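Protein chains in written order, with the working numbering: chain W, 1 to 217; chain D, 1 to 478. Glycine is no exception: its CB is placed at the ideal position from the N, C-alpha and C atoms. Predicted model, so just to flag it, every value in this text is computed and none were measured.
Structure representation (C-alpha cells):
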C-alpha cells in the first residue's frame, strides 16, 4: 500500500468524475435561469416604452425593423423603428399579434420548414436561412421576389409565395407546395417578421452590407 | 431468431441490433434520395421532397443508434453483472411496442408528411424540430420504453455485480432518458424553443452518448483483448470527468446566435474547445491498452516470433472499435473544433460545414462502435472463440470508412464555398445563398458527395451480407 499513488486510484477518479459533472451541471442550470430571463418574450408595453428586449413581444409586427451596425457591440443588431403597416394595419393588439405569431410558429413546425431551411442558423441547408428573411432586400419594394408575385407589399408578396411556391420558381431548386392556407401564410410571415427582430448577436454577419437592408432605406 | 445458447438479455440484444441495422439501411437510402436532390432538384419533387427525405435520414440515424445502444446494454449486462437481466420479459414487450411505434411514425412521415398549423399536427404527424421530429404521442411512447430500459439496467445493476462500467452506464442512461423530456413542449418563442432543443440534442450527442461510447469501449477492450479491468475502468472514470467537464458547458457553442446572451461566446468557446481532449484520451487509451496487452503476450514464454498470437478475440469488431477511436477524434474532435470558435462559427454556422462535421462525427463516434457491438453479438451467438475477418468484413469496413470520409471532404469543400460566397461576401441573403449554391466547387462537391454516398451504401450491403453469414464461416476458431 505504501507505494500506491492517488493518480492510479479508481476511487479518486470516480469521485473526480462525480464532482466535475455535478459542478458543470449546476453551472449550466444557474446560467439557464439567467438566460431564460434574458430571452423571455417582451411585451407591448416594452415596445411602447422603447425597452430593448432580446426577443421582443409579438406586437413588434406593428413596427419597422432594420438591422444596423452597433459601433459599441461591433456587429449588426435589429433596431425597432417607427410604426409600419403589416397587412394593412399597425394596431395589432397584443392578443391578435400573439395569436398570429402562435399560428406562424405552429405552422413553421407543422410544415417542417427546418428540414430544408435554417432558422437562427439551425436546420437543413437545402434552402436559404430564414433568420433575417424579413429584412432580405429581395422581398423589399425593389426586390425581384416581391416583383415576381406582383403584390404591393412585402408581407403580401411573402404570403403569396408561401401559398403557391411552385408557381414562382426562382431557381431549379424549388419550394414544394405544402398546402399552406392564406391564414397560415399570414401567421408564417408574422413569425418571420418577429424572428428578424430577435437579437442574434450579429448573426448572420454582413447582412447589413447589402443594399436595401441598411437603415431600412 | 431465437437461439437456445443465448440468455434472454442477449437474445433481446440481437433483436435490437437487427432492427437497428434495418433502420441504418433506411438512413442510407433516404440520405441517397436527399443527395440526389442536391444534384437533380426535380427528383421526387412534391412526392418525397427533400424535407421528408432528410427527416427520415436523420430520424433513422438517431433511432438506429438508440436501438443499437439499448442492444449493447442488454448484451453486456449479463457479462458485467454476472446475473440474468431483471425484468427482461417487460424489456421484450417494450421492444415490440418501440418497433411498432416507429413503424407508424415512419409511415406517417412518408405518406402524410405535413399537417395544418395546429396542435393536432404536433401531436399526431410531426413536431418539425430537427432530430426530434417524432409527434408528441410517440414522445410519450419513447419515454415509457426508455423508463423500462432504465429499470432493467438499474434493477440488474443493483442486484448483480456493479462494476465500474455498469455504474457509469446507470448514471449515463438515466440522464440520457431524462434529457428527452426537455424536448417535449411547444413554445411560441423560438429562442426558448431552440435553447431547450439543444438540451436534448447536444447533451445527448456531445455528453451522454460520448460517455456511453467510453463505457462500451471499456467493455470491448476487456472482452476482446483481455485488457485489465482496473486499468480500463480508471481510464473510463477519467474520460467521464473530461467528457462531462467539457461537454456539459460546451453546449454554449450552440448558444452563440439564437438570441441568447453574449456570455455564451466565452463559455461555449472555452468548454467546446476542450471537448476534443477526452476524444484524444479515448484514442490513446484504446491503442495503448491494445499495445500493452499485445506486448505482454509477446514477452510471455515465446521463443520465436511466429508463435506470438494476436490478443484480439474478435478481429472485425476490434477493427470497428479502432476506427471508432480514430473517427471520434477526427469527426467529433477535429471537424468539430474547426468551427467551434464564435469568430469562425459566425460564418460557418448553418452551412455544409456543419453537415460535413455531422456526417463524420455521427459515423466516427457512434456508427463504428455500434457496428463493432453487432460483430460481438454475432460472435457470441455463434459460440465463436476467435472471430476472424472475412473478405466481406474487410471490404465492408473499407468501403464504408472510405465513403464517409469522401462525403466529409466533399461537404467540407462545399461548405467553404458557402462560407466565402454566401456568408462573407453576400451576407446570407436569399440571393447570396443561391450564388453560393451555384458555385462550381459547391456543385462538384455535391456530385462527389453523392458518389461517395453510393460507395458507402455498397459497403453497407457487404456489411449486411457479412453480419448475416460470417457466423457460419469456417475461418473462425470455435
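- Residue state for residue 55 (chain W) is assigned as coil, using DSSP reduced to three classes.
- When Cβ-Cβ separations below 7 angstroms define contact, residue 162 (chain W) makes no contact with chain D.
- A residue is called buried when at least 16 other Cβ atoms come within 10 angstroms of its Cβ; residue 70 (chain W) does not meet this threshold and is exposed.
- Chain D has no Cβ within less than 7 angstroms of the Cβ of residue 140 (chain W).
- For residue 75 (chain W), the enclosing beta strand (DSSP E) has its first and last residue at 75–83.
- It is roughly 15 angstroms from the alpha-carbon of residue 360 (chain D) to the alpha-carbon of residue 322 (chain D).
- Under the three-state reduction of DSSP output, residue 86 (chain W) falls in the strand class.
- At a cut-off of 7 angstroms between beta carbons, residue 168 (chain W) makes no contact with chain D.
- Taking 8 angstroms as the upper bound for CB-CB distance, residue 222 (chain D) and residue 213 (chain D) are not in contact here, some 15 angstroms apart.
- Note that the C-beta distance between residue 183 (chain D) and residue 132 (chain D) is below 7 angstroms.
- When the Cα atoms are used, residue 126 (chain W) and residue 50 (chain D) turn out to be separated by approximately 8 angstroms.
- Residue 100 (chain W) sits in a helix when the DSSP states are folded into three classes.
- In this structure, residue 134 (chain W) sits away from residue 188 (chain W), with a CB-CB distance that is not shorter than 7 angstroms.
- When CB distances to chain W are screened at a threshold of 7 angstroms, the residues of the stretch 340–356 of chain D falling below it are 346, 347, 349, 350, 351, 352 and 355, in chain order.
- When DSSP states are grouped into helix, strand and coil, residue 184 (chain D) belongs to the coil group.
- The CB of residue 174 (chain W) comes closer than 8 angstroms to the CB of 41 and 45 in chain D, given here in chain order.
- In the DSSP assignment, residue 230 (chain D) falls within the alpha helix (DSSP H) that extends over 229–250.
- When C-beta atoms of the stretch 273–290 of chain D are compared with those of the stretch 331–338 of chain D, three or more pairs fall below 8 angstroms, so the two segments count as touching.
- Annotated three-state conformation of residue 170 (chain D) is helix, per DSSP.
- If you look at residue 69 (chain W), you'll find it in the beta strand (DSSP E) that goes 63–70.
- Contact holds between the stretch 146–160 of chain D and the stretch 84–98 of chain D, because three or more Cβ pairs, one in each stretch, are under 8 angstroms apart.
- When Cβ-Cβ separations below 7 angstroms define contact, residue 207 (chain W) makes contact with chain D.
- For residue 174 (chain W), no pairing in a beta bridge is given by DSSP.
- In chain order, 256, 257, 346 and 349 make up the part of chain D whose C-beta sits under 8 angstroms from the C-beta of residue 203 (chain W).
- The alpha-carbon of residue 53 (chain D) is positioned some 11 angstroms away from that of residue 36 (chain D).
- Residue 156 (chain W) carries a helical assignment under DSSP once its states are collapsed to helix, strand and coil.
- Residue-level contact check: residue 69 (chain D) does not touch chain W, since none of the beta carbons of chain W fall below 7 angstroms from its beta carbon.
- Listed along chain W are 32, 35, 36 and 39, each with a C-beta nearer than 9 angstroms to that of residue 195 (chain D).
- At a cut-off of 7 angstroms, the C-beta of residue 46 (chain W) has no neighbouring C-beta in chain D.
- The three-state secondary structure of residue 130 (chain W), taken from DSSP, is coil.
- Just measuring C-alpha positions, the residue of W:171, W:128 and W:129 sitting nearest residue 148 (chain W) is W:171.
- The residues 135 and 137, in chain order, have a CB closer than 7 angstroms to that of residue 124 (chain D) in the same chain once the five nearest residues on each side in sequence are set aside.
- The criterion of a C-beta distance shorter than 7 angstroms is satisfied by residue 442 (chain D) and residue 417 (chain D).
- The residues 43, 44, 57, 58 and 59, in chain order, have a CB closer than 8 angstroms to that of residue 94 (chain W) in the same chain once the five nearest residues on each side in sequence are set aside.
- Burial state of residue 343 (chain D) is exposed, judged by a 10 Å Cβ sphere holding fewer than 16 other Cβ atoms.
- The three-state secondary structure of residue 28 (chain W), taken from DSSP, is helix.
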